[in-house]
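Sequence lines, in order, name chains A and B. Residue numbering for the first sequence follows the numbering used here, beginning at 10 and increasing consecutively. Residue numbering for the second sequence follows the numbering used here, beginning at 10 and increasing consecutively. Note that the Cβ used here is the ideal one computed from N, Cα and C, for glycine as well. Owing to the predicted nature of the structure, the values given are computational and were not obtained by experimental measurement. Worksheet for the structure shown next.
Protein chains: 2
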Amino acid sequence: MEELNIEYVLDELKRLIADKNFKRLKSVLAETNVMDLAEIFDDLSPDESIILLRLLDKDRAAEVFSRLSVQSRKDVVSGIHFNFLNQIIEEMSFDDKIDFFEEMPANLVKSLIAEAPQEERKLINQFLQYPDSSAGSLMTIEYVALKKHLTVKQSLEKIKSDGVDKETIYTCYVLDETRHLEGILSLRRIVLSDDDSVIGDIMSTDIISVDTSDDQEYVAEAFKKYDLMSAPVVDGEKRMVGIITIDDIMDVVERENTEDFQKMAAIAPSDDEYLDASVLKLAGRRIVWLLILMISATFSGSIITRYSDVLSMAGVLTVFMPLLMDSGGNAGSQSSTLVIRGMALGEIELKNWFAVFWKELRVGFVAGAALAVVNFGRMVLLTVINGAKYADYTMGVMITVSVTLMLSIVLAKLIGGLLPIVAKFARLDPAIMAGPLITTIIDAISLIIYFTIANALIF
Amino acid sequence: MEELNIEYVLDELKRLIADKNFKRLKSVLAETNVMDLAEIFDDLSPDESIILLRLLDKDRAAEVFSRLSVQSRKDVVSGIHFNFLNQIIEEMSFDDKIDFFEEMPANLVKSLIAEAPQEERKLINQFLQYPDSSAGSLMTIEYVALKKHLTVKQSLEKIKSDGVDKETIYTCYVLDETRHLEGILSLRRIVLSDDDSVIGDIMSTDIISVDTSDDQEYVAEAFKKYDLMSAPVVDGEKRMVGIITIDDIMDVVERENTEDFQKMAAIAPSDDEYLDASVLKLAGRRIVWLLILMISATFSGSIITRYSDVLSMAGVLTVFMPLLMDSGGNAGSQSSTLVIRGMALGEIELKNWFAVFWKELRVGFVAGAALAVVNFGRMVLLTVINGAKYADYTMGVMITVSVTLMLSIVLAKLIGGLLPIVAKFARLDPAIMAGPLITTIIDAISLIIYFTIANALIF
């Protein structure tokens with residue numbers, strides 16, 4: 010792919026604005042893709058952005074504006090003339106409009122909605138009420154509706170006259186008088202059929218639809234499972250109210266993945282871009298889990314207190330605590346990550362719990378044995394090379410460390426593999442059962458094993 | 010969405026197969042969506058699957074077969090008659106065919122390719138040579154090609170006659186005599202234009218194309234950035250060779266995310282589904298990093314050895330090691346996860362390193378202070394409640410633990426935030442600088458801070 014040199018165009022635009030060379034500006038703007046323009050506008054000052062928006066055609070201005078980062082959009086809005094803003098918004102597609110209203114201050118939104126035609130005003134208010142991550146909030150109303158009795162030729166004419174403003178014309182929806190969905194058919198099917206064919210005969214009645222209240226994650230799964238490009242959305246009375254298209258689903262998938270990454274690192278999930286988020290907001294999203302985990306870690310401390318006699322008699326045992334705790338934590342994180350991801354992708358379900366248990370048990374033995382052998386070998390080697398320095402590496406200590414390593418890795422694998430499934434069973438989000446929490450649990454268990462074995466073997 | 014009751018259909022099919030009720034089987038099969046059938050087939054025995062494949066129309070059989078899990082497909086292939094397999098493969102779309110050949114044993118693939126027409130044989134061999142995650146390996150050759158001089162009416166007729174076998178007809182490609190791409194246009198544009206318009210006049214020359222050698226991650230970024238539904242793929246001489254469609258890109262995005270999850274949990278990345286992978290393979294993918302991290306953790310052990318005097322004089326310090334190590338590790342994981350994800354989504358770039366530094370420094374102070382205050386309060390409270398039991402919680406110990414907590418969290422945030430950027434700068438994958446590695450590094454640093462402060466404050 011040939012990349013446009015964004016930096017170069019950015020500099021040129023800034024220079025042309027400074028020179029007030031509007032004629033040249035117009036032609037540079039006309040030559041540049043709206044996506045690239047949106048990226049460039051993000052690096053311009055709000056005043057510069059507004060000058061350029063005024064020089065663009067209304068529909069391209071709306072497209073660029075819809076694609077700015079949230080921060081840039083807010084900056085532009087605060088400097089723009091209300092009437093001009095209203096003109097841009099009129100040109101925006103319905104779902105972009107809704108997204109925009111959702112992120113702007115309530116009183117501005119109120120004034121803007123007041124400018125819309127009454128029919129649209131009602132619709133906008135209805136859409137703003139759909140819960141944040143529901144199918145209703147994702148959908149757009151701009152779809153092609155056909156009737157069963159039309160011929161292919163009549164349908165193509167209808168598409169020709171209605172289609173310009175629609176989000177997609179590639180899937181058409183066949184509705185009855187009460188807006189119930191009777192069938193769907195692709196533009197492909199229409200174009201490849203004879204002119205005289207009747208829609209009712211060539212439409213498909215095998216319809217995958219979603220409800221306005223369905224969660225976006227569920228909708229994304231349906232898209233992936235059925236390889237959909239778009240899906241109809243129906244209300245409580247099964248009347249068609251809108252469509253969701255695959256580009257919105259791509260965004261949902263990325264957002265859901267981002268949330269999972271965050272939860273798995275013990276961060277309260279959020280859509281905010283890292284660089285845009287304030288320090289206090291970022292800190293707030295992290296502190297709660299850090300506190301919970303810190304308090305939980307005091308449990309490991311109390312185990313150490315309980316076995317302080319053992320430690321004071323064989324101080325060398327302290328030296329291996331980081332190694333044991335880290336290895337157990339890492340082994341557990343590996344298992345929980347694979348299982349959480351497998352569940353997110355629908356590869357692992359509740360009913361597979363025994364398969365996971367059995368697999369992790371065996372993987373734990375293989376990995377645990379490998380680590381224990383390497384560790385034992387390393388300790389023996391050290392005493393051979395420098396017996397004086399490592400005089401307190403007695404056979405009892407070496408066996409204690411290696412056996413603990415082995416056992417804690419097996420347990421870490423089992424706990425890491427099963428806790429996400431338990432969470433799902435308890436209707437919690439499996440993603441919280443990831444590295445940080447697993448590590449804290451395994452730490453305590455490893456220490457108990459460690460001191461118990463030490464007690465038996467060394468004294 | 011109304012879910013099909015898969016379990017119910019599965020039971021019915023099994024019963025009908027046992028009863029040899031082929032007539033009823035055919036009608037159940039005809040009523041069920043191919044995606045649902047694929048899911049059902051995954052739970053049938055290979056023999057049952059083969060019986061049902063024979064009862065399906067050839068093209069639906071090919072569709073179901075393409076959508077089976079890799080394991081089911083292998084099972085079916087080993088039991089199926091070669092000629093029947095060949096018939097199914099003939100019906101498969103070109104890119105599904107390539108995917109299938111890539112996963113099957115070499116000698117079977119050789120026999121199957123030998124059955125294909127010569128022209129296709131050449132193409133298949135060419136496609137099998139594209140590197141695994143390149144645009145070439147993702148693309149399909151089934152696209153609609155038009156000529157500049159055609160009218161809309163002529164084009165629609167051409168699409169009508171050629172379109173049936175094409176992966177998508179929604180984007181058409183305008184090629185010159187030497188197959189160089191002159192323009193692209195959507196079926197939408199064609200349908201919405203007058204019959205007499207000439208393709209050359211209505212096509213767009215603003216073309217986003219990718220090279221056969223471009224990496225799939227790069228291609229996915231282009232799709233996301235430009236909201237593409239499909240993209241043309243060109244060879245070294247800029248001749249068009251195929252297209253990539255958005256459904257393949259959805260899979261790429263999910264695979265790339267899965268790889269990132271795995272790398273961030275210190276697992277060698279792999280496409281294998283968890284339940285299908287063998288124990289030895291799973292263990293192999295985890296052991297290398299576990300060993301590396303275990304050996305690295307011995308560095309923390311050597312720090313403890315160096316300060317063993319401090320520990321033997323104030324054994325209570327050992328009690329807080331888990332708390333300090335876990336909190337530091339968690340704080341670092343949070344920062345590295347946010348930055349790695351931000352880089353994967355293109356929100357954070359190398360040039361933002363200072364913004365990340367400055368943000369993490371402040372977040373670190375806020376989070377560190379919060380944890381230190383809570384921890385200090387907790388320790389004071391314990392001595393007030395039970396002075397005898399917590400006699401060794403001296404002011405020196407309490408300050409040492411709290412100040413170490415504060416400092417190690419600030420450092421963890423900085424290191425966690427900056428190491429992924431350093432990795433990217435060094436052309437390494439930022440995802441390796443995640444929780445497990447960061448934790449090991451922070452452990453050592455926390456212990457050094459801990460013992461240094463203890464040395465100064467307590468003795």
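Identify the residues that DSSP records as bridge partners of residue i: which are they?
i       : result
S143(A) : D224(A)
A154(B) : Y182(B)
V253(B) : First, the amino acid is wrong: residue 253(B) is Ile here, not Val. Note: I253(B) sits in a beta bridge opposite A240(B).
S120(B) : Paired residues: none, contrary to the question.
S213(A) : I193(A)
V207(B) : T160(B)
V219(A) : V242(A)
Three-state secondary structure (DSSP) at residue i?
i       : result
E191(A) : strand
T403(B) : coil
T149(B) : strand
T160(B) : strand
R248(B) : strand
S131(A) : The question names Ser, but residue 131(A) is Lys in the sequence shown. K131(A) falls in the helix class under three-state DSSP.
I357(A) : coil
S342(A) : helix
F329(B) : coil
A364(A) : helix
G324(A) : coil
D66(B)  : coil
List the residues of chain A whose Cβ lies closer than 7 Å to the Cβ of residue i, in chain order.
i       : result
I193(B) : Going along chain A, no residue has its Cβ under 7 Å from I193(B), so there is no contact; the nearest lies around 13 Å.
L65(B)  : Residues of chain A passing the Cβ test: none, with the nearest at roughly 15 Å.
R371(B) : V288
Can you pull the chain A neighbours of residue i, defined as C-beta to C-beta under 9 Å?
i       : result
E263(B) : K233, V262, N266 and L354
E246(B) : Simply none; closest approach about 15 Å.
N42(B)  : D215, I217 and Y235
I want to verify the contact list: residues of chain B whose CB lies under 7 Å from the CB of residue i, in sequence order.
i       : result
R350(A) : T267 and F270
G444(A) : A274, S342 and G444
K23(A)  : Near K23(A) there are no residues of chain B at all, since even the closest Cβ is about 18 Å away, more than 7 Å.
N339(A) : A275, L299, L302 and P445
Y179(A) : Y179
T449(A) : D335
V383(A) : L300
Please compile the residues from chain A whose C-beta is within a distance smaller than 8 Å of the C-beta of residue i.
i       : result
D452(B) : P331 and D335
A463(B) : Under the 8 Å cutoff, chain A gives no residues; its nearest Cβ is about 14 Å from A463(B).
Chain B partners of residue i, CB-CB under 9 Å?
i       : result
M259(A) : F232, K233, D236, I255, I258, M259 and V262
A379(A) : A292, I296, L299 and L300
R69(A)  : None at all; the shortest Cβ gap to chain B is about 12 Å.
E282(A) : G351, L354, E356 and I357
Along chain B, which residues have their Cβ under 8 Å away from the Cβ of residue i?
i       : result
T346(A) : F270, Q271, M273, A274 and I276
Query raised in the report: Are there three or more Cβ pairs, one per stretch, closer than 8 Å when the region 147-163 of chain A is compared with the region 195-206 of chain A?
Result: yes
Query raised in the report: Looking at C-beta atoms only, is the number of pairs between the region 339-346 of chain B and the region 440-455 of chain B that lie closer than 8 Å three or more?
Result: yes
**Report entry** Positions along the region 325-337 of chain A whose CB lies within less than 9 Å of some CB in chain B
**Finding:** V325, T327, V328, F329, M330, P331, L332, L333, M334, D335 and S336
Query raised in the report: Is it a yes or a no for the region 63-71 of chain B touching the region 91-102 of chain B, going by three-plus beta-carbon pairs under 8 Å?
Result: yes
Report task. May I ask you to list, following chain order, the residues of the region 297-326 of chain B that have a beta carbon less than 9 Å from some beta carbon of chain A? Result -> W298, L299, L300, L302, M303, I304, S305, A306, T307, F308, S309, G310, S311, I312, I313, T314, S317, L320, S321, G324 and V325
Requested in this report: Please name the residues in the region 94-126 of chain B whose beta-carbon is closer than 8 Å to at least one beta-carbon of chain A, in chain order.
Outcome: none
Query raised in the report: If contact means a Cβ-Cβ distance below 8 Å, which residues of the region 124-153 of chain B contact chain A?
Result: none
Report task. Determine, using beta-carbon pairs with one atom in the region 47-66 of chain A and one in the region 19-36 of chain A, whether at least three such pairs fall under 8 Å. Result -> yes
**Report entry** Segment contact, 8 Å Cβ cut-off, at least three pairs: the region 333-343 of chain B with the region 281-301 of chain A
**Finding:** yes
Report task. Evaluate contact between the region 136-151 of chain A and the region 86-97 of chain A, counting only Cβ atoms and requiring at least three cross-stretch pairs below 8 Å. Result -> no
Query raised in the report: Hey, is the region 221-236 of chain A in contact with the region 217-235 of chain B, meaning 3+ C-beta pairs nearer than 8 Å?
Result: no
Report task. Could you run through the region 394-407 of chain B and flag, in chain order, every residue whose CB is less than 8 Å away from some CB of chain A? Result -> none
Query raised in the report: Using Cβ-Cβ distances below 9 Å, what residues of the region 423-441 of chain A are close to chain B?
Result: none
Query raised in the report: Per the contact definition of three or more C-beta pairs closer than 8 Å, is the region 370-381 of chain A in contact with the region 421-428 of chain A?
Result: yes
Report task. Pair every Cβ in the region 361-370 of chain A with every Cβ in the region 359-372 of chain B, then say whether three or more of these pairs are closer than 8 Å. Result -> no
Requested in this report: Would you check if the region 141-148 of chain B and the region 249-267 of chain B touch, i.e. whether three or more CB-CB distances between them fall below 8 Å?
Outcome: yes
Query raised in the report: With contact counted as at least three CB pairs below 8 Å, one residue from each stretch, are the region 76-85 of chain A and the region 274-287 of chain A in contact?
Result: yes
Query - Touch test, the region 312-332 of chain A against the region 301-320 of chain B, Cβ-Cβ under 8 Å, three pairs minimum - result: yes
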